[in-house]
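Count along the sequence shown from 1, then add 621; that gives the number in the numbering used here.
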Amino acid sequence: MNSLRLRTLVAVTVALLLLSAPLIAAVLPGSGGPKGPVRETSARPNPTYKVHDVGNLWTAISNFGNYGEPNENLPSGEWPGGSSINYIWEGRFWIAALVGGEPLCSHADYGNYELDPTEGSYYYFGAGPKSILDGWVRYDDMTDYSGHTPIGFEMSQRALTWSIPEYDDFFVILMEVKNVSGGTINGAFVTWVFDNDCGAGEGGDPDQPNIDDLVDYDGWARSATGAEENMFTQDWVDPLDLDNDGDTGYDVWGWERANPFNPYVNGYEDADMPESFDPEPDGVWDEYQIYEVEDGPAIYGQPGTDFDGQVLIKASTGDTLKGYLISRNTSYMYDGDYPQSGENDTGERTYATPVDGFIGTRMIYIPQDPFYLTEDDTMPRPYSHQWWNWESDPGSDREKYEYMTGTHSLSNGIKFMPHPFRYGAGAPVFDYRYMLSCGPFSSWADGETKKFVMVTGIGKGIGGMREILDNAVIAYYQGPDSLIGDPVISPVEAQAGFTGASNEAIASDKHFLLPIPPPIPDLHYSGADRAVDMVWDKSAENEIDNFLGAVDFEGYKVYRSLYNAQNMQIIAAFDNRDEPVLLKDTDGNMVNPIRVNGELITYFEDGYQEAIAAGGYDTVLVDLPDVRNTYTDRGGDFMGVDESGNPITFFHDIPEPVNGLKYYYTVVAYDPDKIATFGLSSIESAKSNYRKTLAGAPDPVIPRPDAIVKTDDGTGTMDDGYDGTPRKASDVRVVPNPYEGTALFESRYEDRLAFFFLPPLCKISIFTLTGDLVKEIEHEDATSGAEYWDMISRNNQKVVSGLYIYVVETPDGDKHIGKFLIKR
622 MNSLRLRTLV AVTVALLLLS APLIAAVLPG SGGPKGPVRE TSARPNPTYK
672 VHDVGNLWTA ISNFGNYGEP NENLPSGEWP GGSSINYIWE GRFWIAALVG
722 GEPLCSHADY GNYELDPTEG SYYYFGAGPK SILDGWVRYD DMTDYSGHTP
772 IGFEMSQRAL TWSIPEYDDF FVILMEVKNV SGGTINGAFV TWVFDNDCGA
822 GEGGDPDQPN IDDLVDYDGW ARSATGAEEN MFTQDWVDPL DLDNDGDTGY
872 DVWGWERANP FNPYVNGYED ADMPESFDPE PDGVWDEYQI YEVEDGPAIY
922 GQPGTDFDGQ VLIKASTGDT LKGYLISRNT SYMYDGDYPQ SGENDTGERT
972 YATPVDGFIG TRMIYIPQDP FYLTEDDTMP RPYSHQWWNW ESDPGSDREK
1022 YEYMTGTHSL SNGIKFMPHP FRYGAGAPVF DYRYMLSCGP FSSWADGETK
1072 KFVMVTGIGK GIGGMREILD NAVIAYYQGP DSLIGDPVIS PVEAQAGFTG
1122 ASNEAIASDK HFLLPIPPPI PDLHYSGADR AVDMVWDKSA ENEIDNFLGA
1172 VDFEGYKVYR SLYNAQNMQI IAAFDNRDEP VLLKDTDGNM VNPIRVNGEL
1222 ITYFEDGYQE AIAAGGYDTV LVDLPDVRNT YTDRGGDFMG VDESGNPITF
1272 FHDIPEPVNG LKYYYTVVAY DPDKIATFGL SSIESAKSNY RKTLAGAPDP
1322 VIPRPDAIVK TDDGTGTMDD GYDGTPRKAS DVRVVPNPYE GTALFESRYE
1372 DRLAFFFLPP LCKISIFTLT GDLVKEIEHE DATSGAEYWD MISRNNQKVV
1422 SGLYIYVVET PDGDKHIGKF LIKR
């Protein structure tokens, strides 16, 4: 949060409190009387957010025109999902028009929200006919706020998210905009503005993440006169590897290695050093997507490239490259080098989770011909790409309209503004925002609805972002009315926007026809002593797949992760088949046991991944245990039956849950392969049913020792019974001991010590070696034998390195004295 935001925090907090009240004073008609179309507001729903968290990009989306939650209480462009690293501070929908020759703008903007949930509407949020998690809302600009003149627009918006690999790093917005003004609207612009802070949140960029970001555009650009104004026409990369040499032109971080703005051209780590810094041209400007269509027209090299005018060939097959070239139409931002740091910290590459994502917003569909229709491009294009900083935030409707039209004084007459370094803005020190606008729309009749499709996604480097947003375009065309078919039909003519955003209309839409996995199981779990107990429902086992018209369920997979809710590993699986199977994880990686020179190696054993990478192994098919709806994770071995009917270890030496560590669990339902009939591989439900707080944040389960001793069953292991004997003071252990800088069981590197195996009632007293009392902790828990200390003294000071004495005392006089070492 920058200094400007800090100065306005108090006023904005008051405004947000008003928005959360049952009767929202902020949306009542102003005392100045109507200035335009006004609607009674008493039946408007409360403004609210819902969190889309089924994929790898998590974000809150509101019912009043913004994307991401700026107060940082909910995921806001969190990527990777579960990392607590956010890329969006606030995304905003703006819409403007000329009314009586004067520009008016209605918008969602921090501290000044002029769009409200429509009277009688509701927030549909759940499994949808289009995606794994849909969110449908309606809002309008009909409230006569002080200082705001309603134009007369009503928006019907559907947000789509998926958990399927290749489609899980973006969210799509289907937007229907209806003129409800009572008259014709002219000079209208539909716009998305994003104020992104790449790397905000715990574990992210520690050096003011809003200050060091940079901004640019990826796509076609031309001025109003048709003259070239900022040619985004580089040919540095070959993303489809058309020449089949294994080189795409991107480095391992997703940067074009030949780009002079690549901050690591002369500063790569040895392991990341490209073999060459030369470009890898393919005849297509990098700002264009190659959309392959088997029956489409031949694709020719673009002007100025090494293949200008030549038919492009796929070297791997020798066939002519066919399809369409589509401008990427993308505004984007990324984490740059913090100007006050003494090192190059672009992308925070030294962090456990780097801030290496590029976040981009792309127009997929615009309901008019391109701003300038040319033969070298086939898609409608935005009207302008603009950026500014917090010192030049537009305050008036006129200023907002000037940015939309590329006529603001700071635009310098440029409709598609270049990178700040090309523009002459210098180092990023002003907290940039970007705007992507489309229009102008004139003669917009009363009651007429126009449709727009926008996607926002995050990928590793510009190469990853391009691939992800290209996948969104591919997903858009997954339907009978797609580009596939008559090659005479251009994409402009083939696309029809979408049927509608309502629950009734969207089901019949012929775009985004992606396979949908079984429903997400309703999972519950709790911690025990070195174990976690899970239970889930059976809804996925009886769900009808609309694609097939029949139940399409095969089994469950159990995943867990340590420290945070990402990088989940599979630990168990169950199916309804009575035969050995090949099992894969979410990313399509095989997890079956293998044999190398006759030796069985399983998923959790050393050497498994190396053997898979090296090849030369035999896969062991395993009959999984039958479907069930409960499971207890105690680590150890997970068993199945081999092809000969003999018991066999599927997963060997799964690490036992450790008391005091943070774990996250998810159970997914999956369907069978349908390669032979439909060409579809097995897919699984989203890994989003881990435990959450009321605010929607990941909530870990922490196994912990019991306050009473378990019974030894005579085999050296503990059974599920208790002998009723309380723990003794002498049982207590301090973990970790010594403490060296960071407790590994803390996901965010907080200072914390744990006292384990405590009696049900006791007091812990901590002293320095000289006898000074540092802290007292009262433990009163008949079920848990654990307490945690944040290493803050009773005087509210962080304790220093040294040797400390602790004393555990019970009410009946049992006493134990021990020591622990802190090394900072």
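C-beta: ideal position from N, C-alpha, C; glycine also.
inquiry  = Can you tell me where the beta strand (DSSP E) holding PHE1271 begins and where it ends?
reply    = 1268–1275
task = Grab the span of the alpha helix (DSSP H) containing TYR838 for me, first residue to last.
result = Not the alpha helix (DSSP H): TYR838 falls in the beta strand (DSSP E), residues 834–839.
query = Where does MET776 land, buried or exposed, given buried means 16+ other C-beta within 10 angstroms?
reply = buried
ask   = From HIS1006, LEU719, GLY1078, pick the residue whose C-alpha is nearest to that of PRO1039; which is it?
value = HIS1006
task = Could you tell me the distance, in whole angstroms, from the CA atom of ALA892 to the CA atom of THR971?
result = 13 Å
inquiry  = Which same chain residues end up closer than 7 Å to ARG1019 when comparing Cβ atoms and leaving out the 5 residues on each side of it in sequence?
reply    = PRO724
inquiry  = Taking the straight line between their C-alpha atoms, what separation do you get for ALA1350 and ILE1385?
reply    = 10 Å
Cβ neighbours of GLU996 in the same chain (closer than 8 Å, five flanking residues each side left out) = Any reading at GLU996 needs caution, since the residue's pLDDT is 49, under 50, leaving its predicted position unreliable; the model's value is listed next. Same-chain partners within the cutoff: there are none.
message = Give me the residue from LEU863, ASN965, TYR945 with the minimum Cα distance to LYS1463.
response = This structure cannot speak to residue 1463, because the chain is shown only from 622 to 1445.
task = Write down the C-beta distance between PRO975 and GLY968 rounded to the nearest angstrom, noting that I regard them as a contact closer than 8 Å.
result = 5 Å
inquiry  = Using the three-state DSSP reduction, which class does VAL648 fall into: helix, strand or coil?
reply    = Here the model assigns VAL648 a pLDDT of 27, short of 50, so the residue's position is not dependable and the matter cannot be decided.
key: Segments assigned beta strand (DSSP E), at least 3 residues, entirely inside the stretch 870–924   = Runs found: 909–913.
Where VAL1421 falls, given that 16 or more other Cβ within 10 Å makes a residue buried = Exposed is the label assigned to VAL1421, since fewer than 16 other Cβ atoms lie within 10 Å of its Cβ.
inquiry  = Suppose contacts are defined by Cβ-Cβ distances below 8 Å. Is VAL1322 in contact with TYR1360 by that definition?
reply    = no
ask   = Apart from the five residues on each side of it in sequence, which residues of its chain come closer than 8 Å, Cβ to Cβ, to ALA664?
value = Cβ neighbours of ALA664 within its own chain (closer than 8 Å, five residues either side excluded): GLU740, GLY741.
ask   = Where does LEU695 fall in DSSP's three states?
value = coil
inquiry  = On the DSSP bridge list, what partners appear for PHE979?
reply    = TYR955, GLY1080
Unbroken alpha helix (DSSP H) run spanning ASP1018, endpoints = 1018–1025
key: Counterpart residues of ILE1141 in DSSP-defined beta bridges   = Paired residue(s): none; ILE1141 is not in a bridge.
ask   = In the DSSP assignment, what are the bridge partners of HIS673?
value = THR680
Any beta strand (DSSP E) of 3 or more consecutive residues that is wholly inside the stretch 1149–1193 = The beta strand (DSSP E) runs of length 3 or more contained entirely in the stretch 1149–1193 are, from start to end of the chain, 1152–1157, 1176–1183.
task = Would you check if the distance between the CB atom of LEU1242 and the CB atom of PRO1268 is smaller than 8 Å?
result = no
message = What does DSSP give as the partner residue(s) for GLU969 in the beta ladder?
response = In DSSP, GLU969 forms no bridge with anything.
key: DSSP-derived helix/strand/coil call for TYR731   = coil
query = What is the rounded straight-line gap between the Cα of THR1270 and the Cα of PRO1326?
reply = 28 Å
key: Beta-carbon proximity of ASN1210 to ALA1407, cut-off 8 Å   = Going by C-beta atoms, ASN1210 is not nearer than 8 Å to ALA1407.
query = Going by C-alpha distance, which of ASP818, GLY870, LYS1072, ASP1014 is nearest ASP977?
reply = ASP818
key: Straight-line gap, ARG1445 to ASP1411 (C-alpha atoms, nearest Å)   = 14 Å
key: Separation of SER697 from TYR1180, as counted between CA atoms   = 25 Å
request  = Please state if the CB of PRO1138 and the CB of ASP1292 are separated by a distance shorter than 8 Å.
outcome  = Their beta carbons are under 8 Å apart, which means ASP1292 touches PRO1138 by this criterion.
request  = Could you tell me which residues DSSP puts in a beta bridge with THR1070?
outcome  = LYS799
query = THR941: buried (16+ other C-beta within 10 angstroms of its C-beta) or exposed?
reply = exposed
inquiry  = Tell me the rounded alpha-carbon separation between TYR704 and ALA718.
reply    = Checking the sequence shown, residue 704 turns out to be Ser, not Tyr. Their Cα atoms are separated by approximately 40 Å.
inquiry  = For the structure I just gave you, are there three or more beta carbon pairs, one from the stretch 1051–1062 and one from the stretch 956–964, closer than 8 Å?
reply    = no
key: Cβ shell of ARG1249 (< 6 Å), same chain only, five flanking positions each side left out   = PHE1195
inquiry  = On the CB-based measure, 16 or more other CB atoms within 10 Å of its CB, does ILE1296 come out buried or exposed?
reply    = exposed
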